[in-house]
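J.: Residue 113 in the working numbering sits at position 128 of the sequence shown, with consecutive numbering throughout.
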Amino acid sequence: MFAVVIPTRNSEATLVEVLAALVPAAADGIVREVIVADAGSTDATEAIADGAGCRWVVVSGGRGGQLAAGAAAAKRGTWLMFLEPDCILEAGWHHEVAGFVERAERSARADTVAGRFRYAVDELGWTARLKEWWACTRSIVFGIGYANQGLVLSRQLYDRLGGHRPLEVMADADFVRRLGRRRIVHLGVRAETRSVAREAERGFGAALRAALRPMLFWLRVPSPLIGRLCGTSR
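(1) Label Asp35 either buried or exposed according to how many other C-beta atoms from any shown protein chain fall within 10 Å of its C-beta, with 16 as the threshold for buried.
(2) Are there 16 or more other CB atoms within 10 angstroms of the CB of Ser26, so buried, or fewer, so exposed?
(3) What is the DSSP secondary structure of Asp23, reduced to helix, strand or coil?
(4) Pair every Cβ in the stretch -2 to 15 with every Cβ in the stretch 74 to 88, then say whether three or more of these pairs are closer than 8 Å.
(5) Can you give me the Cβ contacts of Val181 inside the same chain, cut-off strictly under 6 Å, excluding the 5 residues immediately before and after it?
(6) If the criterion is Cβ atoms closer than 9 Å, does the pair Glu81 and Leu172 meet it?
(7) Do the stretch 17 to 24 and the stretch -8 to -1 make contact, defined as three or more Cβ pairs closer than 8 Å?
(8) With H, G and I counted as helix, E and B as strand and the rest as coil, what does DSSP make of Gly173?
(9) State the CB to CB distance for the pair Glu153 and Gly55, rounded to an integer number of angstroms; the pair is presumed to be in contact (CB under 8 Å).
(10) Counting along the chain, where does the beta strand (DSSP E) carrying Val42 start and finish?
(11) Can you name, in chain order, every residue of its own chain whose Cβ lies under 6 Å from the Cβ of Met66, other than the five neighbours on each side?
(12) Starting from Ile33, trace the alpha helix (DSSP H) in both directions and tell me its first and last residue.
(13) Do you know offhand how far Phe102's Cα is from Gly50's?
(14) Residues in the same chain with beta-carbon distance under 7 Å from Arg150, minus the five sequence neighbours each way, listed in chain order, please.
(15) Which of the three DSSP states is assigned to Glu153 in this structure?
(16) Based on the DSSP output, what are the partners of Leu74 in its beta bridges?
(17) Look up Glu2 in the DSSP assignment and say whether it is helix, strand or coil.
(18) Who are Arg103's beta bridge partners in DSSP?
(19) Take Glu2 and list the residues in its own chain whose beta-carbon comes closer than 8 Å to its own, dropping the five residues that flank it on each side.
(20) Compute the beta-carbon to beta-carbon distance between Asp71 and Arg179, rounded to the nearest angstrom, for a pair I have assumed lies under 8 Å.
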């Protein structure tokens, strides 16, 4: 059913947990293969991917190139799932996703709909819940989600839209904009991200730049300019 694409760069800290969450789906035949599209890791990312039986693809260039190369390398399954290397899906996630796919295929809408997960933060307290609320709001109202929400769609729809463009910044958002928010089904599955805590550790400036990127993108600021202003992190 699925080929999973994970773009990585020095992702050893969280990749084991991300891959472990995929094991039950692989055992049930829902996940057919996992493609790790790497942009030059110097840590143990490759060893972890190899140990888990993932297909390893080395990619030069920006993040959009990683996603596109991963999709191109996927040979098994008629659906694609894009997942971040710090995005851990909750237990039993594959049952809801399999149901979504089956409904889409049964209603002849496999080439017109895509699914996104529910953004969740690996933190306690009201600020974490506020971040989750804002992520949900901007995804539904403005059509701008987080890369950490993942994306599930048919290979047919992905190819028809031209796939990911070779952008260093906001490649995910660029693709979702072309997809269109009316095609997106918001799934109930929690996708817990660990990157928010690391952004906080890097200080206020990093958090501010992370918040500015989607706003500038929504205002149609060109991706290269967003990269110069806010850095190339997703």
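Even glycine gets a Cβ: it sits at the ideal position worked out from N, Cα and C.
T.: Here's the rundown:
(1) exposed
(2) buried
(3) strand
(4) yes
(5) Residue confidence for Val181 is low, a pLDDT of 49 falling below 50, so the modelled location carries little weight and cannot support an answer.
(6) yes
(7) yes
(8) In the structure shown, Gly173 sits in a strand (DSSP, three-state: E or B).
(9) The pair is not a contact, with the Cβ atoms about 16 Å apart (cut-off 8 Å).
(10) Counting along the chain, the beta strand (DSSP E) containing Val42 begins and ends at Arg40 to Val43.
(11) Phe(-13), Val(-11) and Val137
(12) Thr30 to Gly36
(13) 23 Å
(14) Gly49, Ala156 and Asp159
(15) Correct three-state label for Glu153: coil.
(16) In the DSSP output, where bridge partners are listed per residue, Leu74 has Ala176.
(17) helix
(18) The beta-bridge partner set that DSSP reports for Arg103 consists of Arg175.
(19) Ile73
(20) 4 Å
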